[in-house]
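Chains as they are written, first to last, in full-length UniProt numbering: chain A, 1 to 209; chain B, 1 to 209.
For glycine and all other residues, C-beta sits at the position ideal for the given N, C-alpha and C.
Remarks on the structure that follows.
2 protein chains.
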Amino acid sequence: MGAAAERAKEENEEWAGVTPDAARRLVSAAVEAFAERGYHATTTRDIAGRAGMSPAALYIHYKTKEELLYRISGIGHEKALRIMGAAAEAQGSAAERLRDAVRTFARWHAEHHTTARVIQYELQALSPEHYTEIAGLRRRTDRLLRQIIQDGADSGEFRADDVPGTTLAVLSLCVDVARWFTADGPRTPDEVGTLYADLVLRMVGAPVA
Amino acid sequence: MGAAAERAKEENEEWAGVTPDAARRLVSAAVEAFAERGYHATTTRDIAGRAGMSPAALYIHYKTKEELLYRISGIGHEKALRIMGAAAEAQGSAAERLRDAVRTFARWHAEHHTTARVIQYELQALSPEHYTEIAGLRRRTDRLLRQIIQDGADSGEFRADDVPGTTLAVLSLCVDVARWFTADGPRTPDEVGTLYADLVLRMVGAPVA
DNA sequence: CCGCGCCCTAAGCGCTTGCTCAGCGGCGCG
DNA sequence: CGCGCCGCTGAGCAAGCGCTTAGGGCGCGG
Chain A
1 MGAAAERAKE ENEEWAGVTP DAARRLVSAA VEAFAERGYH ATTTRDIAGR AGMSPAALYI
61 HYKTKEELLY RISGIGHEKA LRIMGAAAEA QGSAAERLRD AVRTFARWHA EHHTTARVIQ
121 YELQALSPEH YTEIAGLRRR TDRLLRQIIQ DGADSGEFRA DDVPGTTLAV LSLCVDVARW
181 FTADGPRTPD EVGTLYADLV LRMVGAPVA
Chain B
1 MGAAAERAKE ENEEWAGVTP DAARRLVSAA VEAFAERGYH ATTTRDIAGR AGMSPAALYI
61 HYKTKEELLY RISGIGHEKA LRIMGAAAEA QGSAAERLRD AVRTFARWHA EHHTTARVIQ
121 YELQALSPEH YTEIAGLRRR TDRLLRQIIQ DGADSGEFRA DDVPGTTLAV LSLCVDVARW
181 FTADGPRTPD EVGTLYADLV LRMVGAPVA
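Structure below.
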């Protein structure tokens with residue numbers, strides 16, 4: 001299996017929960033287009049074209065173009081929340097959990113940088129109600145990370161005078177990966193994850209292995 | 001002078017180099033609109049309206065809507081480059097220069113978060129030629145920061161195994177301020193600057209005062 | 001074999017967009 | 001006072017937008 005075919009398969013699995021097949025192809029095409037040009041610069045004709053169908057076919061599966069963005073944002077942010085949750089619930093010291101959280105969270109933002117770009121930078125295009133809903137997911141992700149850092153500060157593992165501020169910075173660092181990462185760059189998603197985990201551990205004053 | 005008037009005056013000074021007055025009002029209005037809704041979701045009618053003129057008046061001062069973005073990007077990135085340059089050229093240890101660079105660079109991204117948001121997140125809307133030109137400015141900013149970190153690594157002040165990667169992370173951290181910062185948040189631009197400078201110094205393994 | 005239901009397309013509607021153009025008002029100069 | 005010029009406006013054009021609608025083809029149960 002070639003690299004392109006492998007990418008296509010992975011892309012397909014990312015949206016495995018979306019059925020039927022035509023609806024999934026549309027989501028996949030929309031993510032690609034939104035990441036490339038932005039939501040407002042993407043036309044429904046472009047999305048439908050990439051999915052190999054006529055413009056009208058889009059409206060059989062989604063009421064509006066905004067609903068596509070909403071679906072993508074929901075699935076993406078739920079995935080991000082699950083990644084952060086897995087790290088937060090794991091056993092181990094605060095340092096171990098923080099390393100794991102940053103490593104997996106940053107890695108996901110690199111590996112799925114197209115999806116990540118859409119869900120992190122196109123939020124303002126959502127309707128107010130959809131935005132509020134998605135913002136809830138983000139707040140939960142935020143809280144999970146903050147708790148890890150708070151734990152480390154409480155136990156004396158970390159030196160963090162300003163826990164909310166440090167949380168913000170760590171999240172910020174990981175999210176911004178989606179802005180600059182490209183598959184043809186010098187770093188693999190794995191390498192970005194471990195590099196960022198090391199940097200963050202030093203940032204909170206924890207000894208790096 | 002009230003807070004609103006003070007903000008208006010500051011906004012005006014930010015674009016002091018743009019003349020005549022109508023052209024400056026248009027730039028100011030465009031930054032506001034682009035930051036709020038994004039380039040593609042902003043109409044020329046909206047920009048002209050905010051500047052207190054008819055839609056047609058825009059085209060007396062700028063050939064296209066894209067030229068407005070180009071002008072904004074140019075001025076903004078030149079300012080960012082100058083800020084980084086001032087820190088890089090200052091005398092002092094690498095740690096002192098890095099602290100100064102991060103403090104002033106992050107602070108500017110907070111203080112002028114509307115402008116910063118436009119110049120950092122709307123680049124893809126530029127024409128290819130304009131994009132390449134602006135990308136040059138960004139690369140120069142990048143190099144200045146990398147040199148500071150390289151100096152610290154060479155002299156043993158910093159512990160940075162991966163200098164380009166660390167540079168990327170630091171820049172990333174500062175730039176992302178423009179995404180989340182709002183004037184009504186709990187932190188002043190000054191506070192963001194000093195917090196981030198401390199975090200970064202720890203990130204490179206330098207002792208924080 | 002028919003008939004029903006599900007996806008899909010061709011065509012196009014109403015509207016907004018970036019941008020243009022003919023002309024107008026007011027200010028400086030003779 | 002008259003005249004030209006610069007900055008601006010009102011009206012509007014061509015193109016492209018999100019989305020709708022009428023109808024076609026195909027698979028499946030009877």
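Does at least one heavy atom of the ligand FMN sit under 6 Å from the Cβ of residue i?
i: LEU137 (chain A); result: No copy of the ligand FMN appears in this structure; indeed no ligand is present at all.
At a Cβ threshold of 7 Å, is residue i touching chain A?
i: ARG45 (chain B); result: no
i: ARG117 (chain B); result: no
i: ASP176 (chain B); result: yes
i: ARG139 (chain B); result: no
i: ARG97 (chain B); result: no
i: GLY205 (chain B); result: yes
i: ASP100 (chain B); result: no
i: ASP154 (chain B); result: no
Could you tell me whether the Cβ of residue i comes closer than 7 Å to any Cβ of chain B?
i: ILE199 (chain A); result: Before going further, note that residue 199 (chain A) is Leu rather than Ile in the sequence given. So yes, LEU199 (chain A) belongs to the interface.
i: residue 221 (chain A); result: In the structure as shown, chain A begins at 1 and stops at 209. Residue 221 (chain A) is therefore absent and cannot be evaluated.
i: ALA183 (chain A); result: no
i: ASP190 (chain A); result: no
i: GLY165 (chain A); result: yes
i: ASP162 (chain A); result: yes
i: MET1 (chain A); result: With a pLDDT of only 48 at MET1 (chain A), under the threshold of 50, the placement of this residue in the model should not be trusted; the figure read from the coordinates follows. Judged by the 7 Å Cβ criterion, MET1 (chain A) is not in contact with chain B.
I need the DSSP call for residue i, collapsed to helix, strand or coil.
i: TYR59 (chain A); result: helix
i: VAL118 (chain A); result: helix
i: TYR196 (chain A); result: helix
i: VAL208 (chain B); result: coil
i: MET1 (chain B); result: The predicted model places MET1 (chain B) with a pLDDT of 48, which falls under 50 and marks its position as unreliable, so this point remains unresolved.
i: ARG187 (chain B); result: coil
i: ASP21 (chain A); result: helix
i: THR166 (chain B); result: helix
i: ASP176 (chain B); result: helix
i: LEU201 (chain B); result: helix
Using a Cβ cut-off of 9 Å, pull out every chain A residue sitting near residue i, in sequence order please.
i: GLN124 (chain B); result: GLU36, ARG37, GLY38 and ALA41
i: ASP142 (chain B); result: Simply none; closest approach about 11 Å.
Whose Cβ in chain B lies nearer than 7 Å to the Cβ of residue i?
i: ALA169 (chain A); result: LEU173, TYR196 and LEU199
i: TYR121 (chain A); result: TYR121
Taking C-beta pairs closer than 8 Å, name the residues in chain B that residue i reaches, listed in chain order.
i: TYR70 (chain A); result: Residues of chain B passing the Cβ test: none, with the nearest at roughly 16 Å.
i: TRP180 (chain A); result: LEU168 and SER172
Next on the checklist: Could you tell me which whole beta strand (DSSP E) segments of length 3 or greater appear in the region 125-163 of chain B?
Outcome noted: Entirely contained in the region 125-163 of chain B, not one beta strand (DSSP E) run reaches 3 residues.
Next on the checklist: So within the region 25-111 of chain B, which uninterrupted beta strand (DSSP E) runs reach at least 3 residues, ignoring any that extend past its ends?
Outcome noted: Taken in chain order, the region 25-111 of chain B contains no complete beta strand (DSSP E) segment of 3 residues or longer.
Item to check | Any 3 or more C-beta pairs closer than 8 Å across the region 191-199 of chain B and the region 103-116 of chain B | outcome: The region 191-199 of chain B vs the region 103-116 of chain B: in contact.
Checklist entry - Does the region 120-137 of chain A come close enough to the region 61-81 of chain A that 3 or more CB-CB pairs lie under 8 Å? => result Yes, they touch.
Item to check | the region 17-30 of chain B touching the region 106-125 of chain A, judged by at least three CB pairs closer than 8 Å | outcome: No, the region 17-30 of chain B is not in contact with the region 106-125 of chain A.
Checklist entry - Does the region 169-184 of chain B come close enough to the region 145-156 of chain A that 3 or more CB-CB pairs lie under 8 Å? => result When C-beta atoms of the region 145-156 of chain A are compared with those of the region 169-184 of chain B, fewer than three pairs fall below 8 Å, so the two segments do not count as touching.
Checklist entry - Quick check: the region 49-66 of chain A against the region 27-41 of chain A, are there 3 or more CB pairs under 8 Å? => result These segments touch.
Checklist entry - Counting pairs of beta carbons, one from the region 158-169 of chain B and one from the region 156-167 of chain A, are three or more of them closer than 8 Å? => result Judged by Cβ distances under 8 Å, the region 158-169 of chain B makes no contact with the region 156-167 of chain A, as fewer than three pairs qualify.
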